[in-house]
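Numbering (my numbering), first residue to last: -17 to 208.
The beta-carbon is built from N, C-alpha and C at its ideal position, and this holds for glycine as well.
It should be emphasised that the depicted structure is a prediction, and the values quoted were computed from it without experimental measurement.
Encoded as structure tokens, the structure appears first; notes follow it.
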């Protein structure tokens, strides 16, 4: 995308010497340019460029230069600009919709919060990645050892922010309470009063009725350092 940004910012898009492009040609020329420059993007790209405001009176231009306004992006719904650099001075801004599609994991069935997903829980199909610029998954390896933080319906694309670290202790679990200190380690049994991921603080009630806080460890162990 950085390369595309640079090309859009510096490359000239114009007609042959002596020929003038008409203002109504701007959308088609810009669309062709974008399609060419996004040809190397992984997946399938669809580009839609809006028409200039019909009330604009733009003089014919021998050479046009597309540019990306500050804060705009070449992803999803955005705004692009075109300026005349060969003849009269003008610039125009056009709405654009750049869709990027690729293979991604979707829920194969209704999934629940807290589920740890296996190969039978997902399937791969074409997803509009540009709908989820901050969180689209390419494959499930990106969320290995994590679990869903909220439910997903069948066919729903799976996103990075739908996953959290897998709990090593769940509320109500029977746990091993391990007291450790310099030169000693003593254990007893207890029950978790809340869930926790590796390294989080969790409250437990011991068999003797004491309520304590410790650090959640793998294999349903709660460590309390003395």
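Sub-8 angstroms separation of residue i and residue j beta-carbons
i	j	result
residue 80	residue 56	yes
residue 187	residue 202	no
residue 222	residue 128	Outside the modelled stretch of the chain, which goes from -17 to 208, sits residue 222, for which no answer is possible.
residue 88	residue 139	yes
residue 193	residue 185	yes
residue 137	residue 111	no
residue 183	residue 170	no
residue 165	residue 141	no
Backbone CA spacing between residue i and residue j [nearest angstrom]
i	j	result
residue 32	residue 78	6 angstroms
residue 12	residue 46	9 angstroms
residue 101	residue 95	17 angstroms
residue 220	residue 29	Limits of the chain in this structure are -17 at one end and 208 at the other, which puts residue 220 out of reach.
residue 51	residue 21	22 angstroms
residue 119	residue 178	25 angstroms
residue -8	residue 18	Confidence in residue -8 is poor, its pLDDT being 35 and thus under 50, which makes the residue's placement unreliable; the coordinate value appears in the next sentence. Whole-angstrom Cα-Cα distance: 15 angstroms.
residue 205	residue 25	48 angstroms
residue 62	residue 156	59 angstroms
residue 35	residue 121	42 angstroms
residue 123	residue 130	14 angstroms
residue 143	residue 108	19 angstroms
residue 132	residue 207	33 angstroms
residue 175	residue 181	16 angstroms
residue 126	residue 7	49 angstroms
residue 69	residue 60	27 angstroms
residue 54	residue 43	25 angstroms
residue 97	residue 150	13 angstroms
Inter-residue CB distance, residue i and residue j (contact presumed, cutoff 8 angstroms)
i	j	result
residue 92	residue 72	That belief does not hold up - the Cβ atoms of residue 92 and residue 72 are roughly 54 angstroms apart, past 8 angstroms.
residue 76	residue 64	7 angstroms
Residue environment, residue i, which counts as buried when at least 16 other CB atoms sit within 10 Å
i	result
residue 15	buried
residue 191	exposed
residue 153	exposed
residue 145	buried
residue 134	buried
residue 163	exposed
residue 38	exposed
residue 86	buried
residue 104	buried
residue 168	exposed
residue 48	buried
The ligand PLP heavy atom lying under 7 angstroms from the CB of residue i
i	result
residue 184	Ligands displayed in this structure: none; no statement on the ligand PLP is therefore possible.
Contact with chain C by residue i, beta-carbon distance below 8 angstroms
i	result
residue 113	The question asks about chain C, but that chain is absent: this structure has only one protein chain.
Suppose only complete runs of 3+ residues qualify. What are the beta strand (DSSP E) ranges in the stretch 92 to 119, listed by chain order? 104 to 110
Along the chain, which unbroken stretches of the beta strand (DSSP E) at least 3 residues long are found entirely within the stretch 27 to 80? 45 to 49 and 58 to 66
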